[in-house]
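Protein chains in written order, with my numbering: chain A, 1 to 449; chain B, 1 to 233. Just so it is clear, CB atoms sit at the ideal spot from N, CA and C, and this is done for glycine as well. Note that this is a predicted model, so its numbers are computed, not measured.
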Ligand SMILES: Nc1ncnc2c1ncn2[C@@H]1O[C@H](COP(=O)(O)OP(=O)(O)OP(=O)(O)O)[C@@H](O)[C@H]1O
Ligand SMILES: [Mg+2]
């Protein structure tokens with residue numbers, strides 16, 4: 001009982017304890033906020049990548065593409081675990097707004113809008129045709145024209161509040177898109193006029209995938225036209241990749257393995273075909289592997305930031321430790337008194353550990369609450385800062401995010417609180433153990449001076 | 001008389017403090033016996049080692065050499081748990097510098113020895129009520145009935161000393177060890193305290209008291225003088 005009473009009294013009556021509580025609170029606050037925002041950014045980024053890619057990609061890096069894809073699509077269509085399949089043409093092109101001298105190098109992706117929306121989150125990235133994906137490539141101002149969907153950052157710039165100033169409909173802009181078609185051997189194919197093949201498309205919609213790299217360089221074209229532009233539409237048609245989405249209950253790894261084994265037997269089956277050599281370069285990858293280069297960079301950044309704020313955490317832990325050391329050194333007289341009336345060493349250590357536990361609990365409670373409050377209002381705080389001082393925490397031209405993530409992760413919280421309390425316990429344990437081990441009279445003498 | 005009839009027996013107690021290279025020899029072979037029910041005063045000049053001896057007798061410190069036995073049992077043989085029980089139940093110690101817990105009220109300081117010997121349950125259901133009653137009685141007896149809920153820092157030195165006495169008596173110890181009980185008291189209050197000790201002694205309480213003042217020591221049944229690290233009869 002005296003342990004409970006004394007632990008509480010130490011907590012309430014000593015100014016220096018408030019310092020310890022504050023130190024713990026600040027530590028917890030910083031770590032909670034940083035971890036939440038960073039984790040949020042990474043999760044968000046992964047989600048966007050997943051949505052962009054679909055679950056699995058059968059494809060090649062080569063600009064030549066691979067043949068016989070239609071047969072493999074048929075095989076996939078018959079498999080029980082596949083929900084969406086979208087063959088895709090990928091290449092590079094020059095975009096020239098008709099009538100201007102400007103030329104912009106872009107990536108192009110030839111897709112069937114409906115199929116691609118079934119295999120990936122493409123449909124949801126549209127603006128004007130979000131609810132009518134089949135018309136993605138039909139400009140609202142003239143549905144008979146050949147449309148193209150342009151990555152949002154190629155067209156619009158975010159405003160101060162990181163929103164895009166969309167108009168009421170797409171403007172009537174014809175774009176001449178030029179490609180260098182390649183034949184199956186990888187040589188430049190003889191196109192109609194010279195080596196370049198050009199076709200005019202009309203701006204029909206925007207795609208906002210949330211991936212800065214994609215939105216700033218990608219133009220989506222109708223599948224057949226893209227196939228023609230890239231020289232993949234010969235008697236033996238080719239594509240660059242097949243994006244696949246699995247049924248909801250299929251695990252990613254299991255699905256990819258299934259696809260891979262289907263692909264291997266398909267490859268064997270086609271071994272004697274004329275363009276079988278193109279199949280050799282094709283890989284089967286889950287979305288994480290497919291986008292690994294980008295995700296890894298982001299995760300690296302997160303690791304680095306976590307490490308840096310981990311250092312901040314360690315410093316604070318040390319401060320907590322020092323504060324405790326001071327408190328308990330101050331209280332070594334009490335330890336002597338308690339021992340002189342027969343309190344055991346173990347009980348003395350329990351008493352001060354209990355006290356430390358209270359400080360840790362209270363401190364992390366306060367820090368957590370403050371962090372939660374701050375995160376709740378973080379977007380409003382940021383808006384306010386921007387309006388008042390023109391200061392933006394996250395430059396939206398780099399981070400393709402609308403809002404700063406503020407979803408608090410319970411698991412992360414538990415770890416943070418636990419480590420805060422452990423830090424307090426360690427901070428209390430060392431000096432109290434030391435004081436408890438001494439003879440009662442020794443601790444009493446120290447403070448007499 | 002069998003030597004185990006003594007409640008307290010010290011034989012050849014040595015104690016020295018090392019201060020860097022020099023060694024201060026404080027006790028150089030103290031022999032001392034106290035019978036149950038005795039009221040013994042230890043006198044000596046300041047710095048003669050009275051407090052040091054008393055701490056050793058109360059098992060708050062250990063001698064470099066020599067034996068201290070309580071009820072015929074060598075204190076060195078006591079295990080950790082036994083030693084704690086001994087400090088809690090057998091001896092009541094009144095420090096020269098009181099040593100109260102600042103965070104507890106006067107009343108709590110007095111009943112602390114009972115509280116620390118009980119579990120939470122044992123304390124809340126049973127121990128608490130009786131302990132508070134006894135602590136209040138002790139405080140009244142010591143003239144502090146009105147100050148039960150004050151904090152130690154609100155008391156004068158003499159008042160704190162009396163709280164410390166109350167705490168020492170709380171568990172009705174077999175042996176009461178008192179270091180300079182009247183050092184900070186005016187003669188009237190000091191006499192009051194001594195009256196309390198005399199009364200306790202008449203009721204059978206064994207007391208060993210340290211004082212540098214011969215006149216105060218006169219109130220005890222027997223006076224022992226500590227000079228040059230030894231007892232002089
Ligand atoms: N922890 C210690 N370290 C070093 N020297 C000590 C220590 N404790 C006591 N001494 C020395 O031992 C001697 C005896 O001290 P002690 O406190 O026993 O004297 P005392 O007789 O009680 O004196 P007073 O009447 O002033 O209380 C003193 O010279 C003191 O300096
Ligand atoms: Mg002394």
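{"query": "Residues bridged to residue 230 (chain A) [DSSP beta-bridge criterion]", "result": "Answer is none; residue 230 (chain A) lacks a bridge partner."}
{"query": "Coarse secondary structure for residue 290 (chain A), derived from DSSP in three states", "result": "helix"}
{"query": "As assigned by DSSP and simplified to three states, the class of residue 210 (chain A)", "result": "coil"}
{"query": "C-beta atoms of residue 142 (chain B) and residue 162 (chain B) nearer than 8 Å", "result": "yes"}
{"query": "Contact with chain B by residue 21 (chain A), beta-carbon distance below 8 Å", "result": "no"}
{"query": "Of the listed residues A:355, A:93, A:127, A:368, nearest to residue 20 (chain A) (C-alpha basis)", "result": "A:355"}
{"query": "Where residue 444 (chain A) falls, given that 16 or more other Cβ within 10 Å makes a residue buried", "result": "buried"}
{"query": "8 Å Cβ cutoff, residue 143 (chain B) in contact with chain A", "result": "no"}
{"query": "Selection of the segment 159 to 170 of chain B by Cβ proximity to chain A, strictly under 8 Å", "result": "167"}
{"query": "Within-8 Å CB hit, residue 71 (chain B) to chain A", "result": "no"}
{"query": "Best match in A:185, A:351, A:143, A:330 for proximity to residue 63 (chain A) [C-alpha to C-alpha]", "result": "A:185"}
{"query": "7 Å Cβ shell around residue 117 (chain B) - same chain, five flanking residues per side excluded", "result": "88"}
{"query": "Against chain B: residues of the segment 342 to 365 of chain A by CB proximity under 8 Å", "result": "342, 343, 344, 345, 347"}
{"query": "Neighbouring residues, chain B, relative to residue 340 (chain A) (Cβ below 7 Å)", "result": "60, 87, 93"}
{"query": "Contact list for residue 104 (chain B) against chain A, beta-carbon separation under 8 Å", "result": "5, 6, 9"}
{"query": "Of the listed residues A:16, A:412, A:48, nearest to residue 288 (chain A) (C-alpha basis)", "result": "A:48"}
{"query": "Closest residue to residue 113 (chain A) among A:319, A:252, A:206 (Cα-Cα distance)", "result": "A:206"}
{"query": "Range of the contiguous beta strand (DSSP E) that encloses residue 207 (chain B)", "result": "206 to 211"}
{"query": "Beta-carbon gap between residue 293 (chain A) and residue 59 (chain A) smaller than 8 Å", "result": "no"}
{"query": "Residue 178 (chain B) classed as buried or exposed, judged by whether at least 16 other C-beta atoms fall within 10 angstroms", "result": "buried"}
{"query": "Distance cut-off 7 Å: residue 180 (chain B) Cβ against heavy atoms of ligand 1", "result": "yes"}
{"query": "Beta carbon shell of ligand 2 at less than 5 Å from a heavy atom", "result": "B:51, B:96"}
{"query": "Chain-ordered chain B contacts of residue 2 (chain A) [CB-CB under 7 Å]", "result": "112, 115, 116"}
{"query": "Residue burial classification, residue 217 (chain B) (beta-carbon count within 10 angstroms, cutoff 16)", "result": "buried"}
{"query": "Where residue 115 (chain A) sits in the DSSP three-state scheme", "result": "helix"}
{"query": "Test item: CB-CB of residue 105 (chain B) and residue 171 (chain B) under 8 Å", "result": "no"}
{"query": "Identified DSSP bridge partners for residue 179 (chain A)", "result": "A:197"}
{"query": "For residue 245 (chain A), the residue or residues it bridges with in DSSP", "result": "A:84"}
{"query": "For residue 414 (chain A): DSSP bridge partner residues", "result": "None; residue 414 (chain A) has no bridge partner."}
{"query": "Strand pairing of residue 22 (chain B), partner residues [DSSP]", "result": "B:19"}
{"query": "Partner residues on chain B for residue 440 (chain A), Cβ-Cβ distance less than 7 Å", "result": "60"}
{"query": "Exposure of residue 407 (chain A), with buried meaning 16 or more beta-carbon neighbours within 10 Å", "result": "exposed"}
{"query": "Selection from A:198, A:351, A:164, A:167 that minimises the alpha carbon distance to residue 178 (chain A)", "result": "A:198"}
{"query": "beta-carbon residue 17 (chain B) near ligand 3 non-hydrogen atom, thresh 7 Å", "result": "Among the ligands present in this structure, namely ligand 1 and ligand 2, ligand 3 is not found."}
{"query": "Own chain, CB closer than 7 Å to residue 352 (chain A), minus 5 neighbours either side, in chain order", "result": "328, 428, 432"}
{"query": "8 Å Cβ cutoff met for residue 136 (chain B) and residue 107 (chain B)", "result": "yes"}
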